[in-house]
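Visitor:
2 protein chains.
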Amino acid sequence: MASEFPRLTHPIVQAPMAGGPSTPELASAVANAGGLGFVAAGYRSPEQLRADIEATRTLTDAPIGVNLFLVAETEIDEQALEAYAHELEPVASRFGAPLGAARYDDDQLDAKLNVVRELRVPIVSFTFACPSPELVRSLQDEGITVWVTVTEADEAVLATGVGADALVCQGVEAGGHRGTFEDVDGRGELGLLSLLRLTHAVTDLPLIASGGIADGAGIAAVLAAGARAAQIGTALMLCPEAGTSAPHREALKRPGRTALTRAFSGRRARGIVNDFMCEHEPRAPSAYPHVHHLTSPLRAAARAAGDPEAINLWAGQAYGLAQERPAAELVRTWSEAQQVTSASS
Amino acid sequence: MASEFPRLTHPIVQAPMAGGPSTPELASAVANAGGLGFVAAGYRSPEQLRADIEATRTLTDAPIGVNLFLVAETEIDEQALEAYAHELEPVASRFGAPLGAARYDDDQLDAKLNVVRELRVPIVSFTFACPSPELVRSLQDEGITVWVTVTEADEAVLATGVGADALVCQGVEAGGHRGTFEDVDGRGELGLLSLLRLTHAVTDLPLIASGGIADGAGIAAVLAAGARAAQIGTALMLCPEAGTSAPHREALKRPGRTALTRAFSGRRARGIVNDFMCEHEPRAPSAYPHVHHLTSPLRAAARAAGDPEAINLWAGQAYGLAQERPAAELVRTWSEAQQVTSASS
Chain A
453 MASEFPRLTH PIVQAPMAGG PSTPELASAV ANAGGLGFVA AGYRSPEQLR
503 ADIEATRTLT DAPIGVNLFL VAETEIDEQA LEAYAHELEP VASRFGAPLG
553 AARYDDDQLD AKLNVVRELR VPIVSFTFAC PSPELVRSLQ DEGITVWVTV
603 TEADEAVLAT GVGADALVCQ GVEAGGHRGT FEDVDGRGEL GLLSLLRLTH
653 AVTDLPLIAS GGIADGAGIA AVLAAGARAA QIGTALMLCP EAGTSAPHRE
703 ALKRPGRTAL TRAFSGRRAR GIVNDFMCEH EPRAPSAYPH VHHLTSPLRA
753 AARAAGDPEA INLWAGQAYG LAQERPAAEL VRTWSEAQQV TSASS
Chain B
453 MASEFPRLTH PIVQAPMAGG PSTPELASAV ANAGGLGFVA AGYRSPEQLR
503 ADIEATRTLT DAPIGVNLFL VAETEIDEQA LEAYAHELEP VASRFGAPLG
553 AARYDDDQLD AKLNVVRELR VPIVSFTFAC PSPELVRSLQ DEGITVWVTV
603 TEADEAVLAT GVGADALVCQ GVEAGGHRGT FEDVDGRGEL GLLSLLRLTH
653 AVTDLPLIAS GGIADGAGIA AVLAAGARAA QIGTALMLCP EAGTSAPHRE
703 ALKRPGRTAL TRAFSGRRAR GIVNDFMCEH EPRAPSAYPH VHHLTSPLRA
753 AARAAGDPEA INLWAGQAYG LAQERPAAEL VRTWSEAQQV TSASS
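For the record, the sequence lines run as chains A and B.
Following my numbering, the numbering of the first sequence begins with 453 at its first residue and continues without gaps.
Following my numbering, the numbering of the second sequence begins with 453 at its first residue and continues without gaps.
Quick look at the structure:
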């Protein structure tokens with residue numbers, strides 16, 4: 453059974469940011485401030501996911517969401533992947549790290565689905581692909597609301613067709629991985645406003661707007677464009693509650709620009725332009741999560757060494773607006789500004 | 453002396469669309485409906501520009517704007533340009549057209565400035581570069597309001613510094629040429645919402661939002677994001693008053709996707725993906741207006757032959773929302789929807 457859009461005091465959803473920034477502290481701070489907190493399941497073991505959800509629940513009674521990767525195994529260019537691994541060998545050596553084993557895995561989807569079912573997580577969002585109608589139905593039958601991340605109108609049509617309860621419209625402005633169902637250049641690169649209006653034209657589902665939203669006026673804008681809520685990630689990355697690494701924080705505070713790249717993970721993702729991206733992007737194959745695993749030890753070593761030039765500095769296009777303030781304060785400030793803007797426009 | 457933002461019945465500005473779509477009929481229809489009509493000076497001779505302005509004035513008493521190209525002569529890769537010309541030879545032959553002479557020209561800026569001065573055009577917008585403070589001042593001294601097209605916050609800072617009266621923020625969603633001051637990959641590719649908020653953070657000037665706006669909710673959204681008006685181009689291209697060519701109209705009515713390309717003109721521009729773009733984009737050099745002149749006869753011949761696969765099908769990302777309706781009807785419909793949305797959000 454499809455379910456209602458969750459009632460939120462403020463139309464603000466914390467974006468799930470896998471790989472560090474999302475923490476129980478951040479999710480609960482947003483939730484306690486009247487937004488919707490999210491736990492990022494990506495790259496965590498099922499046990500870690502369980503611990504994250506439980507830790508978040510000790511900090512808030514509000515409903516929270518969990519974002520799950522849906523990683524389809526697709527054919528990859530093995531030769532290009534091998535050449536890319538060869539190219540990265542000296543970089544890994546420089547950090548005294550091995551290259552990881554470039555391999556497919558499904559991020560332990562089934563085990564994680566069991567966790568969200570057992571813990572009765574009220575909202576699950578999927579990214580990277582469209583869930584099957586059976587999966588959607590089975591979650592809904594257990595009272596779980598299902599959101600699907602889309603980046604094109606035709607993906608919205610597919611997600612509507614499988615029975616999703618709501619769609620997260622991820623504009624090209626967004627930091628981190630593109631949720632595009634197929635990692636093909638030029639697919640899923642719509643600006644958020646165009647995406648919202650094109651999606652609105654093909655579905656009646658509630659839309660959550662994501663990508664480059666960083667303040668109250670941005671929230672007011674996406675609500676005016678027809679979204680029910682604004683999903684915000686990068687603008688929360690400098691919060692003390694976020695798990696953003698020290699070199700990543702420093703990069704977010706400096707002027708710079710972002711670009712889409714496959715260099716770090718083998719799937720297009722937006723991050724602040726750095727040396728690694730410039731040097732390796734041209735030959736990085738579309739091979740996810742193979743390249744993610746390949747570069748993982750190298751990036752961990754660079755992160756530990758505090759070197760921002762060899763790590764994935766995920767950030768949305770509006771990262772220059774991110775502020776070092778507690779999440780609850782930001783949610784309150786944004787919400788006040790959004791209400792003023794919405795009332796006066 | 454800097455001037456006030458023009459009073460408009462509706463916060464809707466017709467985008468100047470050089471190369472055909474903009475006509476005196478379109479500009480006057482938008483103006484008479486309470487928006488701001490624009491004459492596109494690009495690619496027209498000074499005499500044609502004068503005739504366009506005069507023709508528009510026989511159709512409306514409302515103030516209109518004129519958009520001027522500011523084409524800086526930059527160093528280009530002559531070898532790449534020559535190779536590109538060689539590559540296009542068979543395509544030109546196929547259409548029985550010669551290749552044009554690949555050369556720099558400034559689109560007769562000075563003569564066109566004289567025309568707008570003589571005819572006391574109330575608003576002039578510039579695109580492709582930042583005008584000098586002297587040029588801005590001299591126009592303002594004659595009562596002309598000066599707008600500058602920007603695509604990055606640092607361009608907004610420059611344009612504010614030279615004394616512009618307002619800034620046209622062109623999001624990456626926009627159809628046609630990027631107004632980016634330097635035609636460098638990755639520069640000026642911000643989604644409209646991010647661009648508006650990043651620009652708002654560095655200037656107090658009024659902002660006109662441009663790129664992917666195609667309906668009342670889109671207008672309401674950019675107003676909420678802080679813009680004073682929405683500039684709309686592609687969504688007017690199917691109007692009977694527009695000069696959009698027949699094959700271009702057909703392409704706009706079909707499903708498809710857009711991409712940025714230098715293939716047609718040597719400067720990044722967004723158009724509907726077609727054969728010419730796919731085949732030639734990878735080797736098209738940054739050389740504007742050289743490549744524009746090179747491909748001009750070829751494109752004219754393809755247009756005359758009704759072949760959409762070899763012409764520049766400029767279109768914004770939301771082109772799927774364009775409607776075949778009179779411009780006045782669209783302006784009225786958008787404006788009503790915008791007001792309802794703004795009042796209820």
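Note that beta-carbon positions come from the ideal geometry of N, C-alpha and C, so glycine has one too.
1) In terms of residue numbering, what span does the beta strand (DSSP E) encompassing residue 683 of chain A cover?
2) What are the uninterrupted segments assigned as beta strand (DSSP E) that are 3 or more residues long and contained completely in the segment 518–589 of chain A, given in chain order?
3) In this structure, does DSSP put residue 505 of chain A in helix, strand or coil?
4) Please identify the residue among B:530, B:724, B:483, B:467 whose C-alpha is closest to the C-alpha of residue 718 of chain B.
5) Rounded to the nearest angstrom, what separates residue 590 of chain A and residue 605 of chain A at their Cα positions?
6) For a contact defined as C-beta to C-beta under 7 Å, what are the partners of residue 769 of chain A on chain B?
7) Quick one: which residues of the segment 588–613 of chain B get their C-beta closer than 9 Å to a C-beta of chain A? List them in chain order.
8) Is residue 462 of chain A helix, strand or coil when you go by DSSP?
9) Compute the Euclidean distance between the alpha carbons of residue 709 of chain B and residue 625 of chain B, then round it to the nearest angstrom.
10) May I ask you to list, following chain order, the residues of the segment 672–705 of chain A that have a beta carbon less than 8 Å from some beta carbon of chain B?
11) At least one CB of chain B closer than 8 Å to the CB of residue 649 of chain A: is that the case?
12) Suppose you measure from the CA of residue 482 of chain B to the CA of residue 572 of chain B; what does that come to, to the nearest Å?
13) Name the DSSP beta bridge partners of residue 457 of chain B, please?
14) Contact criterion: CB-CB distance below 8 Å. Does residue 624 of chain B meet it with respect to chain A?
15) Quick check on DSSP: helix, strand or coil for residue 783 of chain B?
16) Kindly list, in the order they appear in chain B, the residues whose Cβ is closer than 7 Å to that of residue 667 of chain A.
17) Could you tell me which chain B residues have their CB closer than 7 Å to the CB of residue 793 of chain A, listed as they occur along the chain?
18) Based on Cα-Cα distance, which residue from A:563, A:488, A:751 lies nearest to residue 780 of chain A?
19) For the segment 708–739 of chain B, list every residue whose C-beta sits within 8 Å of some C-beta in chain D, in sequence order.
20) Hey, is residue 773 of chain B's beta-carbon within less than 8 Å of any beta-carbon in chain A?
21) Using CA atoms only, rank isn't needed, just tell me which of B:630, B:650, B:729 is closest to residue 768 of chain B.
22) For the segment 721–730 of chain B against the segment 754–772 of chain B, do three or more pairs of beta-carbon atoms, one drawn from each stretch, fall closer than 8 Å, so that the two count as touching?
23) Less than 8 Å between C-beta atoms, sequence neighbours within five positions excluded: which residues of the same chain meet that for residue 703 of chain B?
24) Taking the Cβ atom as the reference point for each residue, do residue 597 of chain B and residue 579 of chain B lie within a distance shorter than 8 Å?
25) State the Cα-Cα distance for the pair residue 608 of chain B and residue 497 of chain A, rounded to the nearest angstrom.
26) Roughly how many angstroms lie between the CA atoms of residue 564 of chain A and residue 594 of chain A, to the nearest whole one?
27) Jot down the residue ranges of each uninterrupted beta strand (DSSP E) in the segment 654–700 of chain A, minimum 3 residues, whole runs only, in chain order.
28) Measure the CB-CB distance between residue 495 of chain A and residue 525 of chain A and report whether it falls below 8 Å.
29) Does residue 653 of chain B have its Cβ less than 8 Å from a Cβ in chain A?
30) With distances taken from CA atoms, which of A:646, A:655, A:502 is nearest residue 616 of chain A?
31) Check whether chain A comes within 8 Å of residue 631 of chain B, counting only Cβ atoms and requiring the distance to be less than that.
32) How close, in whole Å, do the beta carbons of residue 528 of chain B and residue 715 of chain B come, if the pair is a contact with beta carbons under 8 Å?
33) At a Cβ threshold of 8 Å, is residue 628 of chain B touching chain A?
34) Looking at the secondary structure, which residues open and close the alpha helix (DSSP H) in which residue 755 of chain A lies?
35) Using a Cβ-Cβ cut-off of less than 9 Å, give me the residues of the segment 460–486 of chain A that come near chain B, in sequence order.
36) By Cβ distance below 7 Å, which residues in the same chain neighbour residue 694 of chain A in space, the five residues on each side in sequence not counted?
Guide: According to the structure data:
1) 681–684
2) 575–579
3) helix
4) Residue 718 of chain B has its Cα closest to that of B:530, out of B:530, B:724, B:483, B:467.
5) 25 Å
6) Those are 642, 643, 646, listed as they occur along chain B.
7) 604, 605, 606
8) coil
9) Distance between the alpha carbons of residue 709 of chain B and residue 625 of chain B: 12 Å.
10) 672, 673, 674, 675, 676, 677, 678
11) Judged by the 8 Å Cβ criterion, residue 649 of chain A is in contact with chain B.
12) 20 Å
13) For residue 457 of chain B, which the question treats as bridged, DSSP gives no partner whatsoever.
14) yes
15) helix
16) Identification of chain B residues near residue 667 of chain A by a Cβ-Cβ cut-off of 7 Å yields 649, ordered along the chain.
17) Within 7 Å Cβ-Cβ: 676.
18) Measuring from the Cα of residue 780 of chain A, the nearest candidate turns out to be A:488.
19) The chain labelled as chain D is not found among the protein chains of the depicted structure, namely A and B.
20) yes
21) The shortest C-alpha to C-alpha distance from residue 768 of chain B to any of B:630, B:650, B:729 is the one to B:630.
22) yes
23) 724, 726, 760, 765, 767
24) no
25) 46 Å
26) Rounded to whole angstroms, residue 564 of chain A and residue 594 of chain A show a C-alpha spacing of 15 Å.
27) 659–662, 681–684
28) no
29) yes
30) A:655
31) no
32) Between residue 528 of chain B and residue 715 of chain B a beta carbon distance of about 16 Å is seen, past the 8 Å cut, so the two are scored as non-contacting.
33) Not an interface residue.
34) 742–756
35) none
36) 473, 475, 478, 688
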